[in-house]
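Structure, as structure tokens:
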Amino acid sequence: MIRLTDVAKEYPRSGVALAQISFEVKKGEFVYLTGPSGSGKTTILKLLYLDDKPSRGEVWVNGVSSKTATGREISRLRRRLGIVFQDFRLLEDRTAEANVRFALEVTGAPKATIRAKVARVLTQVGLAAKATSFPPELSGGEQQRVAIARALINDPFVLIADEPTGNLDERATRGVFQLLRDINSSGTAVIMATHDLDLVRRSNYRTIELNHGRVVFDSAESPASARPFEEPWEVRETPPDSTEGI
Amino acid sequence: MRSAREALTASRRAPLLSALGVVTIAFSLFAFGLFGLVAINIRKALDQVEERVEVRAFVSDSTDIESVAAAMKDIGEFPEVLRVDYVSKEKALERARKEMGEFADVFEAGVLPASIEVHLRPGMRSPTSVRSVADRMKTYSFIDDVRYGEEWVEKLYRLRNIATVAGIALGVAFAAVAIIIIGATIRMTVLARAKEISIMRLVGATDMFIRLPFLIDGLVKGVLGGLLALVFVWVANRVVNEYFMETIFFDRQLVFLGVVGGAVMGVLGSLVSVGRHLRRI
């Protein structure tokens, strides 16, 4: 479903962001992408939704290759992906319902089906009662639920989440994480970038750890005891590079 | 249809920004329009002065009228010539008296010679063509002298050239200013919706789908700005006509061209602004 083969990404100014990245994500899998800030998590996610192309190697997502994808193919692929960010990226002048509906409208979905679909996903994320609220009227956790509802509206085969709990308090984090688990248990793959070690430790999902743009650990290939979690990321020697958020 | 609705909704969401956009486009086109109005009026004034460019050939006293008539027919066939008139001695005297006013009595009958007066076609009044016509007229044996105010024609021609070059330079500068201002105005609209554009891309909207509402928005703003500018220029022209001097206004073709120009600028401005934005995300 998703395959990265010997992928490297270099930026002219900040240098190497990723090197020799190879892994596969299967249908319905839940994968954590962990690592310190600047380790390349966001860059990998960007490559997955083809917002950027690798400098070397190849990324395959649902049959679309980073080497040959056309603009139209990329648009079509993104309709089958759900993407969630730390900063929610909601339109603040539109209600929760309108924010979710927007994702369907811009893909030219038939009008008749939109209302029912929007109601369904808002119920799924537990926000049916707040459909008419505007983002500033919602808590961080609720805003992230709206963003997840928007990501789910097109029935994605994978949900790509970049630090979705990064701006949330512990309670909201638990709620959003549970929601992602529920989504995953209904068959949608989830790839979640996070540096929340507690969250990663508490669950038994596959974990790919990055450091300095390289995969240093993949629980699908190494025994669980090899997890390098004991070393706190904050005190690593090399300062984070500036590839995050490019 | 959806794109038009989307453009309308966007304008409704930010009515002040949209109104500001239209007014900015209107004022930049107004400045360009005023320049255009000045240019066409200067051109008209120069045309009027140029109409006075004429070549006068003085005829010997003894010449018979048939020879003059034959020469006039020949001259009338020169490609540069618009009209050929015969000015008899009597008519010349009458004209001189009229023109000299209080000194009218100094002229006596028979003092002024008869002449052939040649008016040239528009576009054939350059010093070279005037000289060429004069030289050909000199070849007739009964022509004593040919005059055409050589110095005056040369000065006028130089003035016209200066006006043309200045007109083009200023026109290009005004148009460039208008394009830059319109581009910046539209860019503001695009930037105000940058987040919306980035989300549209992430959820899989095609570039054309994103672009189209902006193109329609640019088109509508361009046309409205163009029409508003036209009203401003028309009012300015009326005021000048009323209180200062008689001027001419743009003909229908130029009016149409102005509004189409506004629309094209609106669409191009949108295309460039959104295009840059789509690439950057």
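The listed protein sequences derive, respectively, from chains A and B. All residue numbers for the first sequence refer to the numbering used here, where the first residue is 1 and numbers rise by one. All residue numbers for the second sequence refer to the numbering used here, where the first residue is 1001 and numbers rise by one. The beta-carbon is built from N, C-alpha and C at its ideal position, and this holds for glycine as well.
Ranked by Cα distance from Tyr1140 (chain B), the options B:Thr1164, B:Ser1060, B:Gly1149 are led by B:Ser1060.
Taking a contact to require three or more Cβ pairs closer than 8 Å, the segment 1195–1210 of chain B and the segment 1246–1257 of chain B do not qualify as touching.
By the Cβ-count criterion, Ala189 (chain A) is buried, with 16 or more other Cβ atoms from all chains shown falling within 10 Å of its own Cβ. Counting the other CB atoms within 10 Å of its CB gives Asn184 (chain A) a total of 16 or more, which places it among the buried residues. The shortest C-alpha to C-alpha distance from Ser1198 (chain B) to any of A:Pro136, A:Leu90, A:Leu47, A:Ala119 is the one to A:Leu90. At the C-beta level, Val200 (chain A) and Thr207 (chain A) come within 8 Å of one another. Note on Gly1226 (chain B): 16 or more other CB atoms within 10 angstroms of its CB, so buried under the neighbour-count rule.
Distance from the CA atom of Asp218 (chain A) to the CA atom of Val31 (chain A), rounded to whole angstroms, is 10 Å.
Those residues of the segment 72–87 of chain A placed with their C-beta closer than 7 Å to a C-beta in chain B are Arg72, Ser75, Arg76, Arg78, Arg79, Ile83, ordered along the chain. Ala116 (chain A) and Ala1004 (chain B) have their alpha carbons spaced roughly 25 Å apart.
Within the same chain, and ignoring the five residues on either side of Gly1167 (chain B) in sequence, the residues whose Cβ sits closer than 7 Å to its Cβ are Ala1039.
The beta carbon of Gly140 (chain A) is closer than 7 Å to those of Asn167, Leu168, Ala172 in its chain, skipping five residues each way along the sequence. Taking a contact to require three or more Cβ pairs closer than 8 Å, the segment 1045–1058 of chain B and the segment 1139–1159 of chain B qualify as touching.
Against chain B, the beta carbon of Asp93 (chain A) has neighbours under 7 Å at Arg1013, listed in chain order. By the 16-neighbour rule on beta-carbons within 10 angstroms, Glu1151 (chain B) is exposed. What Gly1036 (chain B) touches in chain A, judged by beta-carbon distance under 8 Å, is nothing: the nearest beta carbon there is about 40 Å away.
DSSP lists B:Phe1058, B:Val1087 as the beta-bridge partner residues of Ser1115 (chain B). Counting only Cβ-Cβ distances below 9 Å, Phe1209 (chain B) has contacts in chain A at Ser75, Val106, Thr107, Gly108, in chain order. Nearest in C-alpha terms to Leu1224 (chain B), of all of B:Ile1182, B:Asn1241, B:Val1190, B:Glu1090, is B:Ile1182. For the 8 Å CB-CB criterion, Ile160 (chain A) and Leu81 (chain A) form a contact. Closest in C-alpha terms to Lys46 (chain A), from the list A:Leu122, A:Gln143, A:Ile191, A:Arg181, comes A:Ile191. With respect to Ser75 (chain A), Glu10 (chain A) sits apart: the two C-beta atoms are not nearer than 8 Å. In the displayed model, Val1203 (chain B) falls within coil according to three-state DSSP, outside both helix and strand.
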